[in-house]
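Trainee: Attaching a single structure in structure tokens format; questions to follow.
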Amino acid sequence: MVSERLTHLFKINLLVICFGQAGAKVPAIIVFGDSTVDAGNNNYYPTIVRSNFAPYGRDFEGGKPTGRFTNGRLATDFYSEAFGIKPFIPAYLDPAYSIKDFATGVTFASAGTGFDNVTSNLGNVVPFWKQLEYFKEYRKRLTNYLGRNKANELIREALYITSIGTNDFILNYFVIPIRSSQFTVDEYQNFLLGILDKFVYDIYRLGARKIAVGGLPPIGCLPLIRTTNFKAGSACREEFNNLAREFSDKTIVLCAKWNLALRGIRVVVSNLLDVPLQVIRNPHLYGFDSVAVGCCGTGTIELSYLCKETSPFTCKDANKYVFFDAVHPSEKLYRIVADHLMKTTLSEFL
Ligand SMILES: *[C@@H]1O[C@H](CO)[C@@H](O)[C@H](O)[C@H]1NC(C)=O
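Read left to right, the sequence shown gives residues -24 to -1, 1 to 326 (mature numbering (1 follows the signal peptide of the UniProt record, and there is no 0)).
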């Protein structure tokens, strides 16, 4: 009897080693990053980089301005729904939620932050390293709440998502001369990716196994960046889109390294560049009318508090706009990107 069972166990082990573990269902999504994935952490942090007022959130459940920098939900909210978990992912610092809520998904993200401490210091927002500290605290709270075994299993089976890096370039490197006097663009990219590399090793050591790292979006087509390109008729600035592509390509190289070096890990890179670019180049195919300016105000420079003023120019139907403010996508673009990634890159975690 005993030896029969051992043989059986041995066979199962071999199957696991040879073909990988049949992935358990994703029980939670755990998010790190900037305004593209912040659900309102900045409301509870001493910063002015906020969006918890109208017209932000006007298409969210109850028309609530949660602190998401868009009219409705974010791509990460749509992932959570697509994984059958819950319709949106709450912010870790929001006192309306408890560990019971966070046990099925949480975001530590902070609008205005970057990989680089210099970037997060500019707006006094949550630095990337501190998001990891919050995650460690979360892990302890989860252990108290679920018990060690269940908490460990949840940490192992959860999907970890990062979306960060744009601000390091558009708020920091190209605007203030600290980093640009120290690093070439290429060196700065490598500096940022060094921080990402360390982060992946850190969360792996803390138990993470399923990770989707975001590449950079088409930075050169953000309305605010187009506004600065008035000499070229407010066209996209291709040099910034090329930078985003280079950065994402370097991320893919790192990703291959992680998958080889870290036993049991599964990392993918979410392409956040090509689908938005396709939409921006053929907006009418997707039902958009407007792509060069955001919905809010004149759409050329307004974001955060500048978007607060009840501007007579703010659009009626944000679904016709690729961008909601001068930097951030509308809910509809987030939905298009999320639907695409759920069918492609993220489908293996389903
Ligand atoms: C950022 O700041 C934290 C806290 O001071 C520090 O531990 C970390 O090493 C810094 N990161 C970099 C890349 O300098």
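No residue lacks a Cβ here, since even glycine has one placed at the ideal position from N, Cα and C. As the structure is a prediction and not an experimental result, all values here were calculated from the model.
Relative to the alpha-carbon of residue 193, which residue among 146, 272, 22 has its alpha-carbon at the smallest distance?
Mentor: Walking along the sequence shown from the start, residue 193 turns up at place 217. If we check each option's Cα against that of residue 193, 146 comes out closest.
Trainee: Once you ignore the five residues that flank residue 316 on each side, which residues in its own chain have a CB closer than 7 angstroms to its CB?
Mentor: Your numbering for residue 316 matches position 340 in the sequence shown. Within the same chain, residue 316 has close Cβ partners 251.
Trainee: For residue 206, which residues in the same chain have their Cβ closer than 7 angstroms to its Cβ, ignoring the five residues on either side in sequence?
Mentor: Stepping through the sequence shown from its first residue, residue 206 is reached at position 230. Result list for residue 206: empty, nothing under 7 angstroms.
Trainee: Are the beta-carbon atoms belonging to residue 188 and residue 135 less than 9 angstroms from one another?
Mentor: Numbered from 1 along the sequence shown, position 212 holds the residue referred to as residue 188. Numbered from 1 along the sequence shown, position 159 holds the residue referred to as residue 135. For the pair residue 188 and residue 135, the CB atoms are nearer than the 9 angstroms cut-off.
Trainee: Per DSSP, which one or two residues make a beta bridge with residue 187?
Mentor: Counting from one through the sequence shown, the residue named residue 187 turns up at place 211. According to DSSP, residue 187 bridges with 136, 243.
Trainee: Just the C-alpha distance for residue 131 and residue 47, rounded to the nearest angstrom, thanks.
Mentor: Looking up residue 131 in the sequence shown gives position 155. Looking up residue 47 in the sequence shown gives position 71. Each residue's Cα considered, the two are about 31 angstroms apart.
Trainee: Find out if the Cβ-Cβ distance for the pair residue 39, residue 26 is shorter than 9 angstroms.
Mentor: On the sequence shown, position 63 is the one that residue 39 refers to. On the sequence shown, position 50 is the one that residue 26 refers to. No, they are not a contact pair.
Trainee: Does residue 290 come out as helix, strand or coil in the three-state DSSP assignment?
Mentor: If you number the sequence shown from 1, residue 290 lands on position 314. Looking at residue 290 - three-state DSSP - the assignment turns out to be coil, as it is neither helix nor strand.
Trainee: Taking only heavy atoms of ligand 1 into account, decide whether any of them is closer than 8 angstroms to the Cβ of residue 103.
Mentor: Numbered from its first residue, the sequence shown carries residue 103 at position 127. Yes, Cβ of residue 103 sits closer than 8 angstroms to a heavy atom of ligand 1.
Trainee: Could you name the residues of the same chain whose beta carbon sits closer than 7 angstroms to that of residue 35, not counting the 5 residues immediately before and after it, in chain order?
Mentor: The residue given as residue 35 occupies position 59 in the sequence shown. Contacts found: 47, 48, 294, 307.
Trainee: Would you mind sorting residue 235 into buried or exposed? The rule is 16 or more other CB atoms within 10 Å of its CB.
Mentor: Locating residue 235 in the sequence shown gives position 259, where the first residue counts as 1. Exposed, because fewer than 16 other Cβ atoms sit within 10 Å of the Cβ of residue 235.
Trainee: So which of 137, 259, 116 has the shortest CA-CA distance to residue 245?
Mentor: On the sequence shown, position 269 is the one that residue 245 refers to. Out of 137, 259, 116, the CA that lies nearest to the CA of residue 245 is found in 137.
Trainee: Please state if the CB of residue 77 and the CB of residue 63 are separated by a distance shorter than 9 angstroms.
Mentor: As a first step, residue 63 must be located in the sequence shown, where it is residue number 87. As a first step, residue 77 must be located in the sequence shown, where it is residue number 101. Taking 9 angstroms as the Cβ cut-off, residue 63 and residue 77 do not qualify as a contacting pair.
Trainee: Go ahead and pull the three-state DSSP assignment for residue 160.
Mentor: Translated into positions along the sequence shown, residue 160 becomes position 184. Coil, per DSSP.
Trainee: Where does residue 327 land, buried or exposed, given buried means 16+ other C-beta within 10 angstroms?
Mentor: The requested residue 327 does not occur in the structure, where the chain is confined to residues -24 to 326.
Trainee: Tell me whether residue 158 is buried or exposed, calling it buried when 16 or more other Cβ atoms sit within 10 Å of its Cβ.
Mentor: Position 182 of the sequence shown, counted from the start, is the residue given in the question as residue 158. Exposed: under 16 other Cβ atoms inside 10 Å.
Trainee: Can you list, in chain order, the residues of its chain whose CB lies under 7 angstroms from that of residue 290, leaving out five sequence neighbours each side?
Mentor: What you label residue 290 is simply residue 314 of the sequence shown in a count that begins at 1. 31, 271, 272, 273, listed in sequence order.
Trainee: Closest by CA to residue 258, which one among 148, 115, 297, 155?
Mentor: For the purposes of this step, residue 258 is taken as residue 282 along the sequence shown, with counting starting at 1. Ranking 148, 115, 297, 155 by Cα distance to residue 258 puts 297 first.
Trainee: Have a look at the DSSP bridge pairing and note the partners of residue 297.
Mentor: Residue numbering aside, residue 297 sits at position 321 when the sequence shown is read from its first letter. In the DSSP output, where bridge partners are listed per residue, residue 297 has 266.
Trainee: Report the three-state DSSP secondary structure of residue 277 (helix, strand or coil).
Mentor: Residue mapping note: residue 277 aligns to position 301 of the sequence shown, counting from 1. Three-state DSSP puts residue 277 in coil, outside helix and strand.
Trainee: Nearest-angstrom Cα distance between residue 211 and residue 202?
Mentor: Mapped onto the sequence shown, residue 211 falls at position 235. Mapped onto the sequence shown, residue 202 falls at position 226. Cα to Cα, residue 211 sits roughly 6 angstroms from residue 202.
Trainee: Our contact map puts residue 68 next to residue 83 with C-beta atoms below 8 angstroms; I'd like the distance itself, whole angstroms only.
Mentor: The count along the sequence shown starts at 1 and reaches residue 68 at position 92. The count along the sequence shown starts at 1 and reaches residue 83 at position 107. Yes, residue 68 and residue 83 are in contact; Cβ-Cβ is about 7 angstroms, under 8 angstroms.
Trainee: Just to confirm my understanding: we take residue 141, look at its own chain, exclude 5 residues before and 5 after, and list those with CB closer than 7 angstroms. What are they?
Mentor: For this step, residue 141 is matched to residue 165 along the sequence shown. The answer, listed in chain order, is 90, 91, 168, 192, 223.
Trainee: Could you tell me which residues DSSP puts in a beta bridge with residue 312?
Mentor: The sequence position of residue 312 within the sequence shown is 336, counting from 1. Answer is none; residue 312 lacks a bridge partner.
Trainee: Is residue 71 buried or exposed, if buried means 16 or more other CB atoms sit within 10 Å of its CB?
Mentor: The residue you call residue 71 lines up with position 95 of the sequence shown. When all chains shown are included, residue 71 counts as exposed.
Trainee: Threshold first: 4 residues or longer. Then list the alpha helix (DSSP H) segments lying entirely within the region 42 to 96, N to C.
Mentor: 51 to 58, 75 to 78
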